[in-house]
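Q:
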Amino acid sequence: MNAIRQFIEVKDHSFYVSLPKDFNAKSVEIIIIPNENEDFFEVSEEQKKVLDKALEQDKKTFISRDDITRKYNL
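Under my numbering, think of the first position of the sequence shown as 4, with each following residue one higher.
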């Protein structure tokens, strides 16, 4: 199961959710929880580009931080 967590600003009782290109579900469950922590951070456009590029990475060759930690006993 794929899960996506985003902190989104609500404007005029509405919000917009952008899904990754490889998210192909035909139906989703949405749970809305008010964000009590107003200290959440903003992501710059440059950071968004880096994250978007990471989403395009071949998942077969991707090595997670946890896998690297286990492999090198870090």
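Built from N, CA and C at the ideal position, the CB exists for glycine as well.
Quick caveat: nothing in here was measured; it's all calculated off a predicted structure.
Tell me where the alpha helix (DSSP H) around GLN9 begins and ends.
A: Sequence index remark: in the sequence shown, residue 9 carries index 6 (1-based). GLN9 -> no alpha helix (DSSP H), and no H or E assigned at all.
Q: Taking only three categories from DSSP, how would you classify LYS14?
A: By one-based count along the sequence shown, residue 14 stands at place 11. In this structure, LYS14 counts as strand in the three-state DSSP scheme.
Q: Grouping DSSP H, G and I as helix and E and B as strand, with all else coil, what is ASP55?
A: Residue mapping note: residue 55 aligns to position 52 of the sequence shown, counting from 1. DSSP places ASP55 in helix when its eight states are reduced to three.
Q: What do you reckon, are the CB atoms on PRO23 and ILE7 nearer than 9 Å?
A: For the purposes of this step, residue 23 is taken as the residue at position 20 of the sequence shown. For the purposes of this step, residue 7 is taken as the residue at position 4 of the sequence shown. Taking 9 Å as the Cβ cut-off, PRO23 and ILE7 qualify as a contacting pair.
Q: Measure the alpha-carbon distance for SER17 versus ILE11 and round it to whole angstroms.
A: In the sequence shown, residue 17 corresponds to position 14, counting from 1. In the sequence shown, residue 11 corresponds to position 8, counting from 1. ILE11 has its alpha-carbon roughly 10 Å from the corresponding atom of SER17.
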